[in-house]
Amino acid sequence: MSKPAPFHTNGQEFWTDERCFITELVNHEASPDVSLALGRVKVGVTTQLHALGVAEIYTVKEGTGLLAVDGETISLGAGDSVRINAGQAQRITNTGKGDLVFYLTCRPRFTPKTYKNLEDET
Numbered sequence: 193m194s195k196p197a198p199f200h201t202n203g204q205e206f207w208t209d210e211r212c213f214i215t216e217l218v219n220h221e222a223s224p225d226v227s228l229a230l231g232r233v234k235v236g237v238t239t240q241l242h243a244l245g246v247a248e249i250y251t252v253k254e255g256t257g258l259l260a261v262d263g264e265t266i267s268l269g270a271g272d273s274v275r276i277n278a279g280q281a282q283r284i285t286n287t288g289k290g291d292l293v294f295y296l297t298c299r300p301r302f303t304p305k306t307y308k309n310l311e312d313e314t
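The number in my numbering is simply the position in the sequence shown, starting from 1, with 192 added.
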């Protein structure tokens with residue numbers, strides 16, 4: 193059995209081409225089975241239509257939004273969680289009066305190669 197060892201993820205918020213800010217909380221090769229990030233979407237912004245090659249769970253921390261998954265829309269608010277299966281088309285719109293802040297849990301771990309921009313296909 194391996195001994196637990198700490199690992200570090202940058203933890204700095206950065207802007208993405210997806211039109212949102214991301215802070216990676218846990219995303220390291222030492223933990224290949226899961227990653228955790230914090231997403232932030234400004235008021236009125238809709239993120240890029242995309243799909244991931246991994247399953248993802250959104251858990252809203254603050255704000256309200258309208259999540260579209262494979263063309264179906266779901267209203268989300270603080271405390272709500274929703275699972276998005278690998279390969280499903282997704283985007284979220286901030287419908288609130290302040291930033292929409294949500295946790296993004298991916299299983300297995302998110303890596304850039306799992307991301308597919310679907311706006312390039314339209």
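Just so you know, even glycine gets a beta-carbon here, dropped at the ideal spot from N, CA and C.
These numbers come from a predicted model, not from an experiment.
Pick from the options that is closest to residue i, judged by C-alpha positions
{"i": "Ser227", "options": "Thr297, Glu311, Pro304, Asn309", "result": "Thr297"}
{"i": "Trp207", "options": "Leu217, Lys195, Val233, Pro224", "result": "Val233"}
{"i": "Cys212", "options": "His242, Asp225, His200", "result": "His242"}
{"i": "Gly269", "options": "Gln282, Arg283, Ala278, Thr287", "result": "Thr287"}
{"i": "Pro196", "options": "Ala222, Glu216, Val218", "result": "Ala222"}
{"i": "Val246", "options": "Tyr307, Thr239, Asp312", "result": "Tyr307"}
{"i": "Thr285", "options": "Ser267, Ile276, Arg301", "result": "Ser267"}
{"i": "Gly255", "options": "Thr215, Pro300, Gly290", "result": "Gly290"}
{"i": "Leu217", "options": "Asn202, Thr265, Glu210, Leu258", "result": "Asn202"}
Residue(s) in a DSSP beta bridge with residue i
{"i": "Asn286", "result": "Gly257"}
{"i": "Ala281", "result": "BP columns for Ala281 are empty, so no partner."}
{"i": "Ser267", "result": "Leu258"}
{"i": "Gly231", "result": "Ile214, Phe294"}
{"i": "Thr251", "result": "Ser273, Tyr295"}
{"i": "Phe206", "result": "Ile214"}
{"i": "Asn219", "result": "Partner(s): none; Asn219 has no beta bridge."}
{"i": "Thr238", "result": "Thr285"}
Start and end residues, beta strand (DSSP E) containing residue i
{"i": "Ser273", "result": "273-276"}
{"i": "Lys305", "result": "Premise fails: Lys305 is in no beta strand (DSSP E) and is neither H nor E."}
{"i": "Leu244", "result": "242-244"}
Beta-carbon proximity of residue i to residue j, cut-off 8 angstroms
{"i": "Leu399", "j": "Val274", "result": "The structure shown does not extend to residue 399, since the chain spans only 193 to 314, so no value can be given for it."}
{"i": "Val261", "j": "Ile276", "result": "yes"}
{"i": "Gln240", "j": "Arg283", "result": "yes"}
{"i": "Leu310", "j": "Ala281", "result": "yes"}
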